Amino acid sequence: MKSVSLKNIRKKFYTIRRGTVEALKGIDLEIEAGKFFVLLGPSGCGKSTLLNIIAGIERPTEGEIHFEEQIVVSAERKVFLSPRERDVAMVFQSYALYPHMSVRENISFPLKIAKMDKAEISRKVEKAAGILEINEILEAKPGELSGGQRQRVALGRAIVREPNVLLLDEPLSNLDAMLRITMRSELKEIQRELNLTTIYVTHDQTEAMSLGDQIAVLREGEVQQTGTPYEIYNEPENLFVARFIGTPPMNILDMDTINKSRRKIERIEKNKNLNLIAGLRPEDVNVVPEDEGLLKGNLKMIGPIGSESLLYLSVNGKEIMAKIHERTSFNEGDSIGISFDENKLLLFDKEKEKRIEE
Amino acid sequence: MLSKTDNRLNYFKWLLLAVSVFLLLLVSPNCSSSQKQFTIWIGGSPEEINFWETIVKEFEDEHHYHLQLVRQPTYSDQRRQALVVSLEARQPNPDIFLMDVIWIDQFVKSGWLEPLDNFAKKENFLTGQFFRKTIEQADSYNDNLYALPVFIDVALLYYRSDLLKHFGYQNPPATWQQLLDMSRRIQKEERKTDRSFNGFVWQGAQYEGLVCTFLEFAASMGGGIMQDDSININTPANVRALQFMQNLIQKYGISPENTYTEMKEEEVRRTFQRGNALFERNWTYAWQLHQSDNSEVKGKTGIELLPHAPGDSSVSALGGWHIGISKYSDMKDEAWQFVKFVTSFKIQKEMLMRIGWNPGRRDVYEDEEVIQKMPRVKLLKEAFDHTIARPTLPYYPQVTEVIQRYINNCLAGKESPGKALQTIAEELKQIEKLYEE
Amino acid sequence: MREQKTITIFKFFGAVFLLLFCILPFVWMIVISLTKNPDFFASGQSASFTISNYTDLLSNGSTHLIDYLRNSLIVSIVSAICATLFASFSAYAITRLNFPGRILIPLVLLAFSMFPQISIIGYLFKLMTRLGWINTYYALIFPYITLGLPLALWIMLSYLSRLSSELDKAALVDGATRLQVLLKIIFPIALPGIFSTFMLILIYSFNEFLFALMLTIDYKARTIPVGIALFEGLHGQIPWGYIMASAVIAVVPLIILIAFFQRYIIQGLTEGAVKG
Amino acid sequence: MRSNSRYNLKETKAAYWFNAPLIITAIVFILIPVAGTLVTSFSRDVTFLPSKFLGLENYTRMLGDIHFWQSARFTLFFVLVSICLELFFGMIFALVLNETLPARGLFRVAILIPWAIPIAISGRIWQLIYNYEYGLFNFFVQFFGISDKPISWLGSSFGAFVSVVIADVWKTTPFMAIIILAGLSTIPGDIYKQAMIDGTNFIQRFFNITLPLLRPVIVVALLFRTVDAIRIFDLVYVLTGGGPGGSTNSLSLYAYNYYVTGDFGYGSAVSVAVSIFAALLAAAYIKFGKFKEAIK
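These protein sequence lines map, in sequence, to chains E, R, G and H. First residue of the first sequence? That's 2 in my numbering, and the numbers climb one at a time after it. First residue of the second sequence? That's 14 in my numbering, and the numbers climb one at a time after it. First residue of the third sequence? That's 4 in my numbering, and the numbers climb one at a time after it. First residue of the fourth sequence? That's 77 in my numbering, and the numbers climb one at a time after it.
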């Protein structure tokens, strides 16, 4: 299992309409061996392109990639290893199973190409099938399988080769919600069991939080932040990450809506002379009777989502969301008060949108 | 692409167009076929067609009918197929058409030709003027007259008089052996300067012309195809003749390789006319063209009867075109006027003088002016006494197809003359059995 | 790296070979049609390019080239229109209505299309003679329609089966008759399909030779392929200049059609074959 | 007819109104002529003789006629050779067209030209190209010094066969290329990427992925081409007229020759043989090519 390091990866596309588009603007990432690394970002942020570059299907315009110390691709030094030489495996969103081959032939195909002897191949295929519990459907054709089964076969074909790096491009997005959750845990389990260096691309932040040992948030070809799920959630580096992570998204409050509790803000504003903007997670908002709250507002709508419920509040024209566990004693239309613990407040510089520490 | 409304608008335009075109068509064929058309089909080399255009113009001035000339392909096989299709379909056009001598029998027996007797009797038209043998052999059946010879044709030996003189020969070869010796010697010399020079060019491609050349070689060596109106082709004389033809190409090489692939009348004439040949076997029409200005052999060409084997006499296949009136013609009287016009003395003489076609009428050959202006007429008259007709059978197309195929195969060196003639004999016997009543 | 190079080399040589393979005879035809002596290769004379071949052909009425071209265009356009209409009507019925023999019709038609023309022309010639249609446009239009029907039906079937049937259910609910539904809703949407079917049948009818050879006699109905196959030049030594010039005249309308509508044609071909 | 319960009368009536034009023309102009030809083939139908019922005599004559077998042999060889070549070149052209090329429109028009030009006309062009004295091929032959003497292309029976095949391949390779191109476009791009990941090179990708997935399209295209190639007539009529010694006489041309020399009976018999020949080859195809699976 090899670590992967990306140095200043840039990728320029020439499109007729928009001229040269820079899909990746200098990516630097370190992925430790055996770790489950997630590339998270909205669609069109270049995460799939980056994955293809790591896999060797596409070439970077600039920059280098190393597996451990071996240079895998370097635009400057004209080095380019084919996917076969990099010994990477990949699972596509569309699973990309060979429709004319049975499941067994699909899984054993890469081994056959690598000219492994027959006994070795069938042994490995049986082992992979065992891990993914797809022994009974080995002789079936992809056309006859369900979504989940096809996904497992694609995974089987990837892990059977014990590759240096396992690459997954939104493999679960075609499954229905229930199946997605079970597959998530299975995927995590298999990754840990085989200690595979895995790079997983997704736009679903809950998936990223639950699967990733490390997460890198991307936006328009730039890394916004890399860190553990905890760091990403609790210490977002900028407004984009803060808003992108967490459902429902963090409330953003400008200074006049929260003038009451200015002590902390005053201190920071004074010694850094920046104008600030504040972010508050819906679960940190407590709804209290009108007169006790720091802010006044009214409760517009209540949306129960299972064990919790979402409260849509409006505070002098601005909409704020709160997430509470137990049922609320207020009902729609009441005027309420809002109070929150001051150090749960996250402060950001308005222009550069960077988070500010004490 | 198209917005909703013009899409629909565009669509109705389409529908309207389709309906109108369809209606237009319903009308057009009817109106054009209502007024009768007076048409004649003419084929042959482009020069021939141009000459026919002048004759038709003359006829129109004299009789002020509007006669439309329709151009047919050069080669007779395709002309024949077009005629069979139109007559089988009982088409009113063509009203008049030219027929090769070998078609007449099938056309008569298929009931496609209008008997000319009642026209002839009505205007006591004398057939005495024409060569009696041709009228009897080709144009009449159960003593009814169905066609008249417009021009008859024989094959002659064209030779390069300058080259023969240059190499010390006083007169052209009388026997095939002499022709062979002269050709081999002169061809070797000439090839030093002109690589594509050939000794003797003649029609060997797989088409009707090949049957004529084979008949000439065979008859001039004592052979032939018909023996008292049944086919007898596998004779020793014929084998000798075919062997000689094959040797000209494969053994002695004095005839080019494309003799059996591309050599038809026009290709043979052009090769000789370009100065690439010593001897040429071709019909009489070639003489006129060899004398034209852009011909390399102008003034250097002589003509003579075809050579023959010692002890036998020179023979030429009887060619030529006969004119007949279609049974389904809608303008038979006008058609008869044109037939009379074309076979009149004046036109036949003009035809001979202008493009060198030999009339079917004997009196033109005895005309003073003709003899004085064209001394070769004497030779032609003599040639017409040495002609041999191809078999007159209604199923001649099947017969000729077999003969052409195997003779050509043999010329290409794929079969021995003996075996080729034996296969032809067997197949012709089968065909005879099929089509005899 | 090595593999990428081999692919680009294959792509380059393949493209050049493709162009040469398709264009060379076509260009050679145009070259010969413009030269006074077509044997300039062998006889070494200068090619002396001139357009006299064309002027002679067009001025000399007895070649009837323009009549042949007119006949070809009329016959193929009309039979293309009719074949497309007939096929669209029955494709609509097959994809939208439920009736006995619904699957039978396309399959039987496919089987009919397997019959070689020669087995049809024999008796068809006698039939046309009895009808008195020989040497008229009918003799060609109706056979060309039937020749085109199988392909037309297959293309229209694949087009119409892709249009969801809710469309015309809604229209029926609004009170339209089936014919109105067909003309007002289905046809406008399936117009690209209709157009590519029309183009294909037009080209196939323009190419047909055997029926034209046997069912037409002279310039009144004969089509251009037969005209050129039997054409032996005007005058002069070697007829190839004229024959190639007449070929160019015949081919020009086709080239224009392809240049403008190649997208439809290719679409039609793929629909027809991939679905077929 | 099954019980009317499944089909309501109104809809069936409407359906047959819509289908009427197609059915009528198909019956009148295909079924009746084919049936007529079949009936004529059992009688002596000659222009210069009264017609007479012959029963199977035409067919026994045909089976004994060596020219018939020569035409059949030529037609079969022609079909097999030209189809293999068309498939080979069609595949190459399809792969080339599939790669994104500059001026894509130009290539698509170029490839349509041979298919659109009527074969009777392109036959004349090829006739000139094969001409013994001043043809293009003989010019190349002498120019590149392949042989000092011009090759008589249309003269020898083998030369004529090769000439006909080349002309036909030139005409129909575009059709095959377009069909295969359509087949290629149905293969999703991800599968090729996956194959790259699995370590295949260009050739392995072609044989393991492209070819197997193209099989159904190729089977259908070959079936259509086979049926089309069997009825070859115009190319042979124009280019070689049956060739030296009838060596390139196709079955259709052989039957046509009897039609136009006035023997409709025998001509019809040969035409019936051509149809049976086509049906047999098509049936063999369907069984061999696992056609049903291809249709699914």
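Glycine included, every Cβ here is placed at the ideal spot set by N, Cα and C. Small disclaimer: the values here were computed from a predicted structure and weren't measured.
When you compare the CB of residue i with every CB in chain E, is at least one pair closer than 8 Å?
| i | result |
| --- | --- |
| residue 272 of chain H | yes |
| residue 79 of chain H | At residue 79 of chain H the pLDDT is 47, less than 50, meaning the model places this residue with poor confidence and gives no usable figure here. |
| residue 289 of chain H | yes |
| residue 250 of chain H | no |
Between the options, which has its C-alpha nearest residue i's C-alpha?
| i | options | result |
| --- | --- | --- |
| residue 180 of chain R | R:186, R:427, R:195 | R:195 |
| residue 276 of chain E | E:283, E:254, E:147 | E:254 |
| residue 166 of chain E | E:247, E:118, E:92 | E:92 |
| residue 125 of chain E | E:224, E:109, E:156 | E:109 |
| residue 254 of chain H | H:278, H:297, H:228 | H:297 |
| residue 218 of chain R | R:421, R:437, R:433 | R:421 |
| residue 101 of chain R | H:95, H:362, H:338, H:133 | H:338 |
| residue 171 of chain E | E:179, E:185, E:161 | E:185 |
| residue 404 of chain R | R:115, R:66, R:87, R:51 | R:115 |
| residue 445 of chain R | R:425, R:423, R:413, R:417 | R:413 |
| residue 8 of chain E | E:336, E:196, E:100, E:77 | E:77 |
| residue 273 of chain G | H:170, H:343, H:143 | H:170 |
| residue 47 of chain E | E:217, E:351, E:318, E:337 | E:217 |
| residue 265 of chain H | E:164, E:58, E:239, E:343 | E:58 |
Below 9 Å on C-beta distance, what does residue i contact in chain G?
| i | result |
| --- | --- |
| residue 82 of chain R | 65 |
Between residue i and chain H, is any beta-carbon pair separated by less than 8 Å?
| i | result |
| --- | --- |
| residue 379 of chain R | no |
| residue 447 of chain R | yes |
| residue 279 of chain G | Here the model assigns residue 279 of chain G a pLDDT of 48, short of 50, so the residue's position is not dependable, and the following value carries that caveat. Closer than 8 Å: yes. |
| residue 242 of chain G | no |
| residue 8 of chain G | no |
| residue 40 of chain R | For residue 40 of chain R, the predicted model reports a pLDDT of 49, less than 50, meaning its position is unreliable; a value from the coordinates is still stated below. So no, residue 40 of chain R is outside the interface. |
| residue 273 of chain G | yes |
Could you tell me which chain G residues have their CB closer than 8 Å to the CB of residue i, listed as they occur along the chain?
| i | result |
| --- | --- |
| residue 98 of chain H | 89, 90, 92, 93, 108, 112, 152, 156 |
Using a C-beta to C-beta distance shorter than 7 Å, which residues of chain H count as neighbours of residue i?
| i | result |
| --- | --- |
| residue 89 of chain E | 273 |
| residue 181 of chain G | 90 |
| residue 111 of chain E | 274, 275 |
Please list the partners that residue i has in chain R, where partner means a Cβ-to-Cβ separation under 9 Å.
| i | result |
| --- | --- |
| residue 137 of chain H | 443, 447 |
| residue 351 of chain H | Going along chain R, no residue has its Cβ under 9 Å from residue 351 of chain H, so there is no contact; the nearest lies around 22 Å. |
Taking CB distances under 8 Å as the criterion, tell me whether residue i reaches chain R.
| i | result |
| --- | --- |
| residue 59 of chain G | no |
| residue 280 of chain G | Because chain G in this structure spans residues 4 to 279, residue 280 of chain G falls outside the shown range and cannot be described. |
| residue 230 of chain H | yes |
What residues of chain H sit near residue i, judged by a beta carbon separation below 9 Å?
| i | result |
| --- | --- |
| residue 101 of chain E | 285, 288, 289, 291 |
| residue 425 of chain R | 231, 232, 233, 320, 321 |
So that I know if they touch, is there some Cβ in chain G lying closer than 8 Å to that of residue i?
| i | result |
| --- | --- |
| residue 86 of chain R | yes |
Run through chain R and tell me which residues come within less than 7 Å of residue i, C-beta to C-beta.
| i | result |
| --- | --- |
| residue 217 of chain G | 98 |
Less than 8 Å between CB atoms is the rule here; does residue i satisfy it with respect to chain A?
| i | result |
| --- | --- |
| residue 159 of chain G | The structure shown contains no chain A; the protein chains it does contain are E, R, G and H. |
Between the segment 119-134 of chain G and chain H, which residues of the former have CB atoms less than 9 Å from a CB of the latter, in chain order?
119, 120, 121, 122, 123, 124, 125, 126, 127, 128, 129, 130
Could you say if the segment 259-269 of chain R and the segment 297-306 of chain H meet the contact criterion of at least three C-beta pairs nearer than 8 Å?
no
Along the segment 186-218 of chain H, what residues have a CB closer than 9 Å to any CB found in chain E?
none
Which residues, in order along the segment 225-237 of chain E, keep a beta-carbon less than 9 Å from a beta-carbon of chain H?
none
Against chain H: residues of the segment 32-61 of chain E by CB proximity under 9 Å:
53, 56, 57, 58
Which residues of the segment 155-176 of chain H have a Cβ closer than 9 Å to any Cβ of chain G? Give them in chain order.
165, 168, 169, 171, 172, 173, 175
Does the count of Cβ pairs from the segment 347-357 of chain E and the segment 332-339 of chain E closer than 8 Å reach three?
no
Any chance the segment 21-40 of chain E sits against the segment 199-210 of chain E, with 3 or more Cβ pairs inside 8 Å?
yes
Can you find at least 3 beta carbon pairs, one from the segment 281-298 of chain H and one from the segment 191-202 of chain G, that sit closer than 8 Å?
no
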